[in-house]
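Number of protein chains: 2
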Amino acid sequence: MKVTKKNIGKPQGDVASFVPAAECLKTLAHPARLRMVQLLLSGKYSVGELAEDCQVPDNVASEHLRLMQRCGFLTSEREGRMVFYQIAEPHLKSLMNCIEGRFLNS
Amino acid sequence: MKVTKKNIGKPQGDVASFVPAAECLKTLAHPARLRMVQLLLSGKYSVGELAEDCQVPDNVASEHLRLMQRCGFLTSEREGRMVFYQIAEPHLKSLMNCIEGRFLNS
DNA sequence: TTGACATATCGATATATTACGATATGATTT
DNA sequence: AAATCATATCGTAATATATCGATATGTCAA
């Protein structure tokens, strides 16, 4: 590749390559959804339990969980009349570590 | 602290403690802004250079940069008629490493 | 000082996101 | 089967965000 003034030292990729990352980060960028991910990284929770912890109605919790499922963060499993969600994206753990390290260290 | 059925094994914090994190993540969750952070982690760039790389007009780039400055990610410094932005938040580096590791490894 | 360049700001519009209430589905108990 | 519980979906209204064009500010060069 020819090296010009324009690309010396530039990191790989371009703005387009960040489109999927931006979508997933947007999905994560909500207090209730962050808290849900944190909880699910530590154990098993039903929709109702997550809703109660996050202080949102059940249907709102359900929508948050559906969004995270859509982008591959979570999977769900029904047990009786409850539904349990779990982490499906392994990178979420290190990502949450970064976030907790920055924002929960007060 | 008393241990009850409700809090066994729950990670510290609650949904409210994630409000600032969610705001900052929302700021980061845009393709152009992610690319700008990636570039600024690797070197020095003016507004115009960032705008060109991200393929947005100068004023749009300027607004993106202002948003990131507002939440403490960046600082700016004028040199002549150009303005250079730089990373102000050290955690951005590890956060970008997580993001690149997940989304730019195809 | 005039003109050109780089960046920033403002107002308006278009689009996206969020939350809510109502209703629907699925499962269990009586 | 009917009632109840847990979750999901849908329409809608409120709010937030993104983008654009126009204009403003600040800097330099002629």
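Chains as they are written, first to last, in the numbering used here: chain E, 1402 to 1507; chain X, 1402 to 1507. From the three backbone atoms N, C-alpha and C, an ideal C-beta is built for every residue, glycine too. Just so it is clear, the structure is predicted and the values come from calculations on it, not from any experiment.
- Shown here for TYR1446 (chain E): same chain residues with a beta carbon closer than 6 Å to its own, the five before and five after excluded, namely LEU1440 in chain order.
- For VAL1420 (chain X), no beta strand (DSSP E) segment is defined; the enclosing uninterrupted segment is the alpha helix (DSSP H) at 1420 to 1429.
- Excluding the 5 residues flanking it on each side, CYS1472 (chain E) has same chain C-beta neighbours closer than 7 Å at GLU1424, CYS1425, THR1428, in chain order.
- Shown in chain order are the members of the region 1456 to 1483 of chain E whose Cβ falls below 9 Å from a Cβ of chain X: GLN1456, VAL1457.
- Counting the other Cβ atoms within 10 Å of the Cβ of MET1437 (chain E) gives 16 or more, which makes it buried.
- Annotation for VAL1484 (chain X): the continuous beta strand (DSSP E) segment containing it runs 1483 to 1488.
- If you look at LEU1442 (chain X), you'll find it in the alpha helix (DSSP H) that goes 1432 to 1443.
- Counting C-beta pairs with one atom in each stretch, the region 1444 to 1458 of chain X and the region 1409 to 1416 of chain E have three or more that are closer than 8 Å, which means they touch.
- Cβ-Cβ distances below 6 Å link VAL1484 (chain X) to VAL1448, SER1477 in the same chain, with the five nearest sequence neighbours on each side left out; the list follows chain order.
- If the five residues before and after LEU1442 (chain E) are omitted, its C-beta is found closer than 8 Å to the C-beta atoms of ILE1488, LEU1493, LYS1494, MET1497, all from its own chain and listed in chain order.
- One alpha carbon belongs to VAL1420 (chain X), the other to ARG1479 (chain X), and they sit about 32 Å apart.
- With respect to ARG1503 (chain E), MET1469 (chain E) sits apart: the two C-beta atoms are not nearer than 8 Å.
- Against chain X, a Cβ distance below 9 Å from ALA1452 (chain E) picks out nothing, because the smallest value is about 11 Å.
- Here DSSP, grouped into helix, strand and coil, assigns LEU1496 (chain X) to helix.
- The closest CA to that of GLY1444 (chain E), considering only X:ASN1506, X:LYS1411, X:ALA1422, X:SER1463, is found on X:LYS1411.
- By the criterion of a C-beta distance shorter than 8 Å, PRO1491 (chain E) is surrounded by no residue of its chain, once the five residues flanking it on both sides are discounted.
- Within chain E, the residues placing a beta-carbon under 7 Å from that of VAL1420 (chain X) are PRO1432, ordered along the chain.
- Interface annotation, LEU1441 (chain X): not in contact with chain E, CB-CB separation never under 8 Å.
- Judged by DSSP secondary structure, LEU1466 (chain X) falls within the alpha helix (DSSP H) whose first and last residues are 1459 to 1471.
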